[in-house]
Amino acid sequence: MSEVPDYDQDEFENKVKIICLGDSAVGKSNHPQQLSTYAVTLYKHTAEVDNRKISVDFWDTAGQERFQSMHASYYYQAHACIFVFDVTRKITYKNLPKWYEELRQYRPDIPCLCIANKIDADMTMTNKTFNFAKKNKMALYFVSASNGTNVVRAFRDAIRAAVAYKESATDIMDQIMEELETVSVEPPTASEVYDCICSLKRHRAPGPDDLPPTLFKVGGGGSEVLTQRLSDRLACIWENETVPDNWGQSVIVPIFKKGARSE
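Numbered per our numbering, the sequence shown spans residues 45 to 307.
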């Protein structure tokens with residue numbers, strides 16, 4: 045893979061990124077291949093969602109998970125995640141919470157689903173309850189990559205979830221934070237971030253230009269650090285939606301990770 049696409053650009057308006065997580069040799073790479081895709085770490089697929097053509101990039105770990113951690117770039121701009129474990133290898137299930145914790149460090153809000161793979165080896169596993177999926181509010185799919193059982197269904201649902209997330213207010217804020225990373229600005233203090241979020245939740249700003257400038261550390265309107273496309277989409281959110289309760293995770297946490305300056 046020579047170049048990582050920027051999924052926020054206009055040309056990728058109908059493009060989503062779905063990542064797979066789980067221990068080595070659980071059969072993750074077999075799943076995208078069932079969808080007639082290609083390559084080693086990046087599998088491409090074209091799907092139709094609500095009469096729209098969607099270009100899907102499935103990212104597989106290609107064995108990097110043997111190092112017990114993934115590079116941050118693997119999670120960057122992901123719109124959904126598929127957790128996979130092997131029903132014939134208990135350790136692959138036991139390690140799922142570790143992968144989930146790491147995912148949430150980078151992508152706190154993206155939708156996830158869980159695949160129990162290789163059920164063809166032991167069909168009795170379909171009668172078991174797997175608490176990892178239930179605890180983290182994920183749909184669970186019993187899959188056989190070798191004979192195709194539930195493969196298309198699982199990936200179809202993952203694609204729909206990714207598209208819905210990309211079009212949500214949460215993803216808009218992810219894009220804003222990524223936009224800010226390219227701008228040379230001094231991070232706000234913890235109190236400035238807190239005041240900003242409180243202000244947003246108390247008073248619905250009439251538009252993106254009225255975002256509190258302390259969040260962006262620029263004079264005038266917040267849209268000075270936004271692309272026109274983001275400004276337009278934010279304006280639509282402001283017009284039709286209230287500010288989501290999860291802005292604390294979507295805005296405050298990323299800023300803190302960048303490093304707020306001391307008071």
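The beta-carbon is built from N, C-alpha and C at its ideal position, and this holds for glycine as well. As the structure is a computational prediction, the values presented were derived from the model and not from experiment.
Considering residue i, what are the terminal residues of the alpha helix (DSSP H) in which it resides?
i, result
"ALA205", "195–210"
"ARG96", "From DSSP, ARG96 is part of no alpha helix (DSSP H) but of the beta strand (DSSP E) over 96–103."
"ILE135", "134–138"
"ALA177", "175–179"
"ALA160", "From DSSP, ALA160 is part of no alpha helix (DSSP H) but of the beta strand (DSSP E) over 156–161."
"ALA116", "116–119"
Counting only the same chain and skipping the five closest in sequence on each side, list residues whose C-beta sits under 6 Å from that of residue i.
i, result
"ARG133", "none"
"ALA205", "ALA124, PRO155"
"ALA91", "ILE98, VAL100, ILE203"
"TYR137", "PHE129"
"ASN171", "none"
Would you tell me roughly how many angstroms separate the C-alpha atoms of residue i and residue j, rounded to the nearest one?
i, j, result
"LEU157", "CYS125", "7 Å"
"TYR150", "ASP166", "35 Å"
"ALA116", "ILE203", "22 Å"
"ASN95", "LYS181", "28 Å"
"MET114", "LYS97", "30 Å"
"MET169", "GLU145", "25 Å"
"ASP33", "HIS89", "Residue 33 falls outside the range modelled here, since the chain spans only 45 to 307, and no answer is possible."
"ASP139", "LYS178", "Here residue 139 is Asn; the residue named in the question, Asp, does not match the sequence. Rounded to whole angstroms, ASN139 to LYS178 spans 16 Å at the Cα level."
"SER212", "THR173", "31 Å"
"VAL84", "ASN194", "Summary for VAL84: the model assigns pLDDT 32, below 50, so the residue's position carries little reliability; its value from the coordinates is reported in the next sentence. Cα to Cα, the separation comes out at about 23 Å."
Rounded to the nearest angstrom, how far is the Cβ of residue i from that of residue j, given a contact under 8 Å?
i, j, result
"GLY66", "PHE127", "6 Å"
Can you list, in chain order, the residues of its chain with a C-beta nearer than 7 Å to that of residue i? Leave out the 5 residues immediately preceding and following it.
i, result
"LEU147", "LEU65, TYR119, CYS125"
"SER190", "ASP164"
"ASP201", "LEU157, ALA183"
"VAL93", "ILE203, ARG204, VAL207"
"TRP143", "LEU65, GLY66, PHE127"
"ALA198", "LEU157, ILE159, TYR185, VAL187"
"LYS162", "GLY71, ASP130, VAL131, THR132, SER188"
"LYS210", "VAL60, HIS123"
Give the range of the beta strand (DSSP E) segment to which residue i is assigned.
i, result
"PHE186", "183–186"
"ALA124", "124–130"
"LYS61", "59–65"
If you drop the 5 nearest sequence neighbours on each side, which residues of the same chain put their C-beta closer than 8 Å to that of residue i?
i, result
"ALA208", "PRO155"
"PRO141", "PHE176"
"ILE135", "ASP67"
What do you reckon, is the C-beta of residue i under 7 Å from a heavy atom of the ligand MG?
i, result
"ALA160", "The ligand MG is not among the ligands present in this structure, which contains no ligands whatsoever."
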